[in-house]
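The structure under discussion appears below in the form of structure tokens.
There are 2 protein chains.
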Amino acid sequence: MNLLRQSLLKVNIFPALVSKQQNTRLYSKIEAVFKTKPLGSRMTVQGWIKAKRKMKAVTFIDISDGSTSDKLQVALLRDVAPNLDVGASVRVEGTLQTFGNKDQLELVAEKLEIIGQCKHEDGYPFNPRKSYSMEYIRQYLDFRPRTNIFSSVLRVRSSAANEFRNHLANEGFCELNTPVLTSCDCEGAGEVFSVKPHNENLLRQMARKGISEEDTFFNTKAFLSVSGQMHLESAVRGLGHVYTFGPTFRAENSKSRLHLSEFYMLETEEILDNNNIETVLSTIEKMLREVTQSLLDKNLSDLEMIRNVQVNQRKVNSNVSEYEVEPLDLENVRKTFLPSCPYSIMTYKEAIEILSMCKEDFKVKPDHENGLAKEHELYLVKRNNNIPIFVVDWPSNLKAFYMKEIKNTSNVAALDLLVPVVGELCGGSVREDDVHVLSTKLNRLGLEEKMSWYLNMRKFGNVQTGGFGMGFERYLQCLLNIPNIKDVMPFPRWPHNCFM
Amino acid sequence: MNLLRQSLLKVNIFPALVSKQQNTRLYSKIEAVFKTKPLGSRMTVQGWIKAKRKMKAVTFIDISDGSTSDKLQVALLRDVAPNLDVGASVRVEGTLQTFGNKDQLELVAEKLEIIGQCKHEDGYPFNPRKSYSMEYIRQYLDFRPRTNIFSSVLRVRSSAANEFRNHLANEGFCELNTPVLTSCDCEGAGEVFSVKPHNENLLRQMARKGISEEDTFFNTKAFLSVSGQMHLESAVRGLGHVYTFGPTFRAENSKSRLHLSEFYMLETEEILDNNNIETVLSTIEKMLREVTQSLLDKNLSDLEMIRNVQVNQRKVNSNVSEYEVEPLDLENVRKTFLPSCPYSIMTYKEAIEILSMCKEDFKVKPDHENGLAKEHELYLVKRNNNIPIFVVDWPSNLKAFYMKEIKNTSNVAALDLLVPVVGELCGGSVREDDVHVLSTKLNRLGLEEKMSWYLNMRKFGNVQTGGFGMGFERYLQCLLNIPNIKDVMPFPRWPHNCFM
């Protein structure tokens, strides 16, 4: 401890109290160096060696400190260049200069200190001269954030989350943290995780008559949330516009490239204009346009890094099936999320008609009774020039009980939004607001007692609401052309896998 | 469905495709009305009736749409005023005018439509003429967001979350979603929830030899996260500055006013300047100052609403023990979070000396071996004029195994930040970066094999890092002078309670 201590005149109650120096960071951030370009300045930078080129008198290293995908080139004269491994962490003191005709930046080192060695022979999984497939990188969840592509993915993920939240805040939506632990398994699908304290002594201490051990802690069965929608429906009746954005869970034995046991979902709930689903469509389209535009403006260097690595991966690993997806292309991102026309809209009936009439050789035959398969979704979008499609007016038997029936039809006011790479990105609906209709439905499902609070909220000061849920990872997959959801989640969990 | 259909010239691939009107909202937001004050404008507002005053020829109602704590006064001539209940939702069309000398806004209604009645005799829990205690309101989690105080708390909570995240983004921290599901019970405290699929058929299908049913799904025991720190430590070695902000869990049988089974924790991890804990202290203090200043600037009307309700509650319910906490006072908020001097620093040893020498009648006698009790924490802060105190240099046996030992002492480089109302707000440390020291400690705890990844990350390109965790609800409690944590969480969970 090396705290500057001085007597505090104003609050000198305890003689022992000490004051603290106002710290300014000792190290320059590489992102700031590239932004402000303070030529001729002396600076200290701390980071990891990403590449090394040895010349006769000079060694060049590229270093990254994680603040940006841009690497700072460091020139080391022989006498300040010890034995350096790619991956090692170093502290470099030097003067910022330019090199070449292109006005590129270079730190001419006067001093270099190795903080942490990186001996590849001790088992470091990444060789600086090799290009690795996403599958290979994914085997090392603990080291993956150190790779060029995954650190860029993580920075884009972080920016995207901020952009979604700031956009919704500007639109007047209040963020509401809906609970992960819940006694309500929502859609009744049964694909839930159940929860109890690990400590059996605790369960014994808390035991009550007539309550099973599993239910002791909360006096009820407790599950991990599959959706925050019903809690949002309660809060929207006080706040008008609400959203939740957090971890969501499915206990499915699925190893598909689109599913995880834990994923992030963005869900909104709002009062509808004219009781119409168009309010929800409009909220989604405006959000996707503005967020994508911001990311293109602010995260260009990460997007370019992801593209470059993807292009390289395809050169080296051409036989891996997931490389059927093209590398990220900024022009295609614009065409998909920022088309000059509005996103398309078709009814479910129209979708099935198009699929039935087309000559595509589907594995699953399109059928009105069965909904859309992934191949159907992807086909519809592809044939639409990769412009997103809202599919609306769904048969009620394909959708959840709380969706609003459309008068004189057997349809409900529901939507799916289809996009490239992943197919369904959002699902939403107008909610049933008629207490009697809803009561009948809950009764039929045997949920009337358990869900009485869900019914009750419609009895007092009711309003017509609607909303949607968006898989956040699916947005990232579509934006970045990353076929496997495990490659956009920091620490993915799927059946038989919960490493770290 | 009432979608405008038109042929799409540019993407006319499917004749069935339809385009969508660019929606603009039909209803004015009350927050925007107060901001822009468009006098003389005709507008439609949708909201809930919060109060009603009947005069001879005119009925006045105050309505809220949840966008702000400010209520818009609506003047209704007798012929447009049906029987109105407080709590009902209405749609009002009218012209905006001013009234009185104070330039206050008033919507003179030409049309009023009741959307949802609110018959109090059917069981609505809040009577418009009564002031309710926080305990009473808390009994109705489903209706609570409709109350003046709780809707303001929720708006402040939403703003505060945004301010923390935007501040950290500006400081160069990358948000990293650490997993809720984890095979690592982190601090080994045993106070964890365990997780398994609810569906027993699924477990049978997935069964593998030698794996217990409980562990089948993930091939390992799975818990709910008690901290994201160790995952942050992995990612910080690629990104330099990272944070996580999300739900965190404790399976404790505690009904204290400061604990929940599910709460929100903000955790950071960063590379340290000079390997010194002062970097972490500085990050915390700068963050709390900037976030609090922003909230005072932007959320004034909600803060004033909370104060006004608290003052009223104390008039009516003076005998409830939690009203020993004073109502929210903006001047006190500034004195605590924005003092003109730096936040105080003292060592743990100094804290114990002060507590031992003072004449306060503590329930628990201060003792070097036992750490600080809540009453000790609160006393220290109170005697420090409510200015936050960093307590540093903790005995290693009181802290977790991963904290950095201070040379030639039996202390570790740890910190607790103490504030009014809640005591400990943040806890943090420098992390042990010496592989051999850490390996010995893990070995002693029997965790060396299970935590090999935690050890491994220090073998390659290692850096000295540190960070802290802050209980988000505790910040809100201290900011808003709300003694019970259940009153700052939208849907709180605690032993024997998991409603909704």
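Sequences listed follow chains Y and H, in order. Numbered as in full-length UniProt numbering, the first sequence ends at 500 without a single skipped number. Numbered as in full-length UniProt numbering, the second sequence ends at 500 without a single skipped number. For glycine and all other residues, C-beta sits at the position ideal for the given N, C-alpha and C. Just so it is clear, the structure is predicted and the values come from calculations on it, not from any experiment.
Interface partners of residue i on chain Y, CB under 7 Å
{"i": "Cys174 of chain H", "result": "Leu154, Arg155, Ser158"}
{"i": "Gly423 of chain H", "result": "Those within 7 Å of Gly423 of chain H in chain Y number zero; the least Cβ separation is about 17 Å."}
{"i": "Tyr124 of chain H", "result": "Phe460"}
{"i": "Asn274 of chain H", "result": "Leu26"}
{"i": "Ser261 of chain H", "result": "Leu181"}
{"i": "Met357 of chain H", "result": "Correct list: empty, because the minimum Cβ distance to chain Y is about 10 Å."}
{"i": "Leu330 of chain H", "result": "Within 7 Å Cβ-Cβ: nothing; Leu330 of chain H doesn't reach chain Y, min ~20 Å."}
{"i": "Trp453 of chain H", "result": "Asp142, Met500"}
CB contact below 8 Å: residue i versus chain H
{"i": "Cys426 of chain Y", "result": "no"}
{"i": "Pro145 of chain Y", "result": "yes"}
{"i": "Asp297 of chain Y", "result": "no"}
{"i": "Thr220 of chain Y", "result": "yes"}
{"i": "Phe499 of chain Y", "result": "yes"}
{"i": "Ser19 of chain Y", "result": "Caution is warranted here: a pLDDT of 37 is assigned to Ser19 of chain Y, below 50, making its placement in the model unreliable, and the coordinate value is therefore given only provisionally. Yes, contact with chain H."}
{"i": "Val195 of chain Y", "result": "yes"}
{"i": "residue 523 of chain Y", "result": "Since the first residue shown for chain Y is 1 and the last is 500, residue 523 of chain Y is missing from the structure and cannot be characterised."}
{"i": "Ala51 of chain Y", "result": "no"}
Amino acids of chain H, ordered along the chain, whose beta-carbon sits closer than 9 Å to that of residue i
{"i": "Pro82 of chain Y", "result": "Chain H residues near Pro82 of chain Y: none, gap ~15 Å exceeds 9 Å."}
{"i": "Pro247 of chain Y", "result": "Asn177, Pro179, Val180, Leu181, Gly246, Pro247"}
Beta carbon proximity, residue i to chain Y, threshold 8 Å
{"i": "Ser151 of chain H", "result": "yes"}
{"i": "Ser212 of chain H", "result": "no"}
{"i": "Glu309 of chain H", "result": "Per the sequence shown, the amino acid found at residue 309 of chain H is Val instead of Glu. No - not a single Cβ of chain Y is within 8 Å of the one on Val309 of chain H."}
{"i": "Ala161 of chain H", "result": "yes"}
{"i": "Arg493 of chain H", "result": "yes"}
{"i": "Gly461 of chain H", "result": "yes"}
{"i": "Arg138 of chain H", "result": "no"}
{"i": "Val11 of chain H", "result": "Here Val11 of chain H scores only 35 on pLDDT, less than 50, and its place in the model is too uncertain to base an answer on."}
{"i": "Gly87 of chain H", "result": "yes"}
{"i": "Ser439 of chain H", "result": "no"}
{"i": "Asn481 of chain H", "result": "no"}
{"i": "Trp48 of chain H", "result": "yes"}
{"i": "Phe217 of chain H", "result": "yes"}
{"i": "Gly116 of chain H", "result": "yes"}
Interface partners of residue i on chain H, CB under 8 Å
{"i": "Cys478 of chain Y", "result": "Under the 8 Å cutoff, chain H gives no residues; its nearest Cβ is about 18 Å from Cys478 of chain Y."}
{"i": "Met457 of chain Y", "result": "Asp142, Phe143"}
{"i": "Pro490 of chain Y", "result": "Leu176, Asn177, Thr178, Pro179, His231, Ala235"}
{"i": "Ile485 of chain Y", "result": "Simply none; closest approach about 13 Å."}
Listed by chain order, chain Y residues near residue i by CB distance under 9 Å
{"i": "Lys29 of chain H", "result": "Gly172, Gly240, His241"}
{"i": "His198 of chain H", "result": "Asp185, Gly190, Glu191, Val192, Phe193, Ser194, Lys221, Phe223, Ala251"}
{"i": "Met206 of chain H", "result": "Asn253, Pro495, His496"}
Nearest-angstrom Cβ-Cβ length linking residue i and residue j, presumed shorter than 8 Å
{"i": "Thr95 of chain H", "j": "Ser41 of chain H", "result": "7 Å"}
{"i": "Asn219 of chain Y", "j": "Ile211 of chain Y", "result": "6 Å"}
{"i": "Phe126 of chain H", "j": "Phe143 of chain H", "result": "7 Å"}
{"i": "Val74 of chain H", "j": "Val92 of chain H", "result": "5 Å"}
{"i": "Val291 of chain Y", "j": "Ala251 of chain Y", "result": "About 30 Å separates the two Cβ atoms, so there is no contact after all."}
{"i": "Gly469 of chain H", "j": "Phe263 of chain H", "result": "11 Å between Cβ atoms; not a contact."}
{"i": "Val180 of chain Y", "j": "Val195 of chain H", "result": "Not confirmed; about 11 Å, so no contact."}
Residue i: contacting residues in chain Y (beta-carbon distance under 8 Å)
{"i": "Asp416 of chain H", "result": "The contacting residues do not exist; Asp416 of chain H stays about 15 Å from chain Y at best."}
Listed by chain order, chain H residues near residue i by CB distance under 7 Å
{"i": "Asp65 of chain Y", "result": "Gly240"}
(message) Count Cβ pairs between the region 394-409 of chain Y and the region 376-383 of chain Y that sit closer than 8 Å; are there 3 or more?
(response) no
(message) Quick check for students: name the residue ranges of the alpha helix (DSSP H) that lie wholly in the region 340-368 of chain H, counting only runs of 4 or more.
(response) 348-357
(request) Please confirm if the region 465-480 of chain H is in contact with the region 148-163 of chain Y, defined as three or more CB-CB distances below 8 Å between the two stretches. (result) no
(message) Check whether the region 270-282 of chain Y and the region 131-138 of chain Y touch, using three or more Cβ-Cβ pairs below 8 Å as the test.
(response) no
(message) Counting beta carbon pairs with one atom in the region 221-232 of chain Y and one in the region 476-489 of chain H, are three or more of them shorter than 8 Å?
(response) no
(message) Which complete beta strand (DSSP E) runs does the region 383-423 of chain Y hold, if anything under 3 residues is left out?
(response) 389-395, 411-419
(request) Flag this pair as touching only if the region 245-255 of chain H and the region 242-254 of chain Y have three or more C-beta atom pairs under 8 Å; answer yes or no. (result) yes
(message) Does the structure place the region 326-342 of chain H close enough to the region 272-291 of chain H that three or more beta carbon pairs sit under 8 Å?
(response) yes
(request) Write down every uninterrupted run of the alpha helix (DSSP H) in the region 161-213 of chain H whose length is 4 residues or greater and which is fully enclosed by it, in chain order. (result) 200-206
(request) Kindly confirm or deny that the region 303-313 of chain Y and the region 347-358 of chain Y touch, where touching means at least three C-beta pairs closer than 8 Å. (result) no
(request) Could you tell me whether the region 63-77 of chain Y touches the region 40-55 of chain Y, where touching means 3 or more Cβ pairs closer than 8 Å? (result) yes
(message) Tell me whether the region 435-444 of chain Y and the region 114-133 of chain Y touch, counting them as touching only if at least three CB pairs, one residue from each stretch, are closer than 8 Å.
(response) no
(message) As an exercise, report each continuous beta strand (DSSP E) stretch of at least 3 residues that is fully enclosed by the region 93-161 of chain Y, in chain order.
(response) 104-116
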